[in-house]
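I have placed the structure first, in the form of structure tokens, so that the comments after it can refer back to it.
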Amino acid sequence: MKLGVRKGSSLPTSAGSVHKTKQLPDDLVRFSFRHWHTNEKFCLPDLAEKPEYIPTLLDRLKHISNMKMSEFRQAGKTLRSHPHDWGKTSEPNGYAHLSEQLQDCQPWQFSLARDELGRVHGILIDDVFYVVWLDPEHRMYPGR
Numbered sequence: 006m007k008l009g010v011r012k013g014s015s016l017p018t019s020a021g022s023v024h025k026t027k028q029l030p031d032d033l034v035r036f037s038f039r040h041w042h043t044n045e046k047f048c049l050p051d052l053a054e055k056p057e058y059i060p061t062l063l064d065r066l067k068h069i070s071n072m073k074m075s076e077f078r079q080a081g082k083t084l085r086s087h088p089h090d091w092g093k094t095s096e097p098n099g100y101a102h103l104s105e106q107l108q109d110c111q112p113w114q115f116s117l118a119r120d121e122l123g124r125v126h127g128i129l130i131d132d133v134f135y136v137v138w139l140d141p142e143h144r145m146y147p148g149r
């Protein structure tokens, strides 16, 4: 069931009290996993070997979710965020599994807290970063 709630209106909570919705800026980075794709190369790591991966990933998503898209695009070395140059990657055909329309969107990546935890690859559409691949083994740029 979808609730039609306007910004600034009240929502009931599970305890029956009323909770005020927050007025959030419209230009903050949002994440979607609608186009997330896993395969042998781009998938979650063995969590027994990298138990810190999921908490680090979620912390990074939370941190970036508090940034404006302009800040994310200019973060550079802080997040190691930048667009892909497919010719310099292990995937010269890019996101070939996506529709042509989505393949035309600018591909981006950002790093998790440490290089040994890899990168997150996706596409930017407006203020949404659509996660396509998780790359905990840094396989997109194998020589780095």
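With the sequence shown counted from 1, adding 5 to any position gets you my numbering. Even for Gly, the Cβ is constructed at its ideal location relative to N, Cα and C. In this text the structure is predicted, and so the values were computed from the model without any measurement.
Helix, strand or coil at residue i [DSSP, three-state]
{"i": "Lys67", "result": "helix"}
{"i": "Leu107", "result": "helix"}
{"i": "Gly92", "result": "helix"}
{"i": "Ser75", "result": "helix"}
{"i": "Leu8", "result": "Here the model assigns Leu8 a pLDDT of 45, short of 50, so the residue's position is not dependable and the matter cannot be decided."}
{"i": "Pro56", "result": "coil"}
{"i": "Leu62", "result": "helix"}
{"i": "Leu122", "result": "helix"}
{"i": "Asp140", "result": "strand"}
{"i": "Phe38", "result": "coil"}
{"i": "Tyr135", "result": "strand"}
{"i": "Phe47", "result": "coil"}
{"i": "Ser86", "result": "coil"}
{"i": "Leu33", "result": "strand"}
{"i": "Leu3", "result": "Absent from the structure is residue 3, since the part of the chain shown begins at 6 and ends at 149."}
Candidates the options: closest to residue i by CA position
{"i": "Lys73", "options": "Leu33, Arg144, Pro147 and Met145", "result": "Leu33"}
{"i": "Gly81", "options": "Val125, Phe115, Asp132 and Glu45", "result": "Phe115"}
{"i": "Leu107", "options": "Leu122, Ile130, Pro97 and Ala118", "result": "Ile130"}
{"i": "Phe36", "options": "Pro97, Asp64 and Pro141", "result": "Asp64"}
{"i": "Leu62", "options": "Tyr146, Trp91 and Glu121", "result": "Glu121"}
{"i": "Gly127", "options": "Arg144, Glu105 and Gly99", "result": "Gly99"}
{"i": "Thr83", "options": "Val125, Ala118 and Phe47", "result": "Ala118"}
{"i": "Asn44", "options": "His102, Gly92, Arg85 and Ala53", "result": "His102"}
{"i": "Asp109", "options": "Arg124, Ser70, Trp91 and Ile69", "result": "Trp91"}
{"i": "Asp132", "options": "Ser104, Phe77, Leu49 and Lys93", "result": "Phe77"}
Cβ distance (whole Å) where residue i is taken to contact residue j below 8 Å
{"i": "Gln111", "j": "Pro97", "result": "Going by Cβ atoms, the distance from Gln111 to Pro97 rounds to 17 Å, so no, they are not a contact pair."}
{"i": "Ser75", "j": "Arg144", "result": "Not confirmed; about 30 Å, so no contact."}
{"i": "Pro141", "j": "Lys55", "result": "7 Å"}
{"i": "Trp113", "j": "Ser70", "result": "With a Cβ gap of about 15 Å, Trp113 and Ser70 do not count as contacting."}
Neighbour flag for residue i against chain B, beta carbons, 7 Å
{"i": "Glu57", "result": "No chain B appears in the structure shown, which is made up of a single protein chain."}
Distance cut-off 6 Å: residue i Cβ against heavy atoms of the ligand MG
{"i": "Phe47", "result": "No copy of the ligand MG occurs in the structure displayed, which carries no ligand at all."}
Contact between the stretch 36 to 45 and the stretch 130 to 142 is defined here as three or more beta-carbon pairs at a separation below 8 Å; is this criterion met? yes
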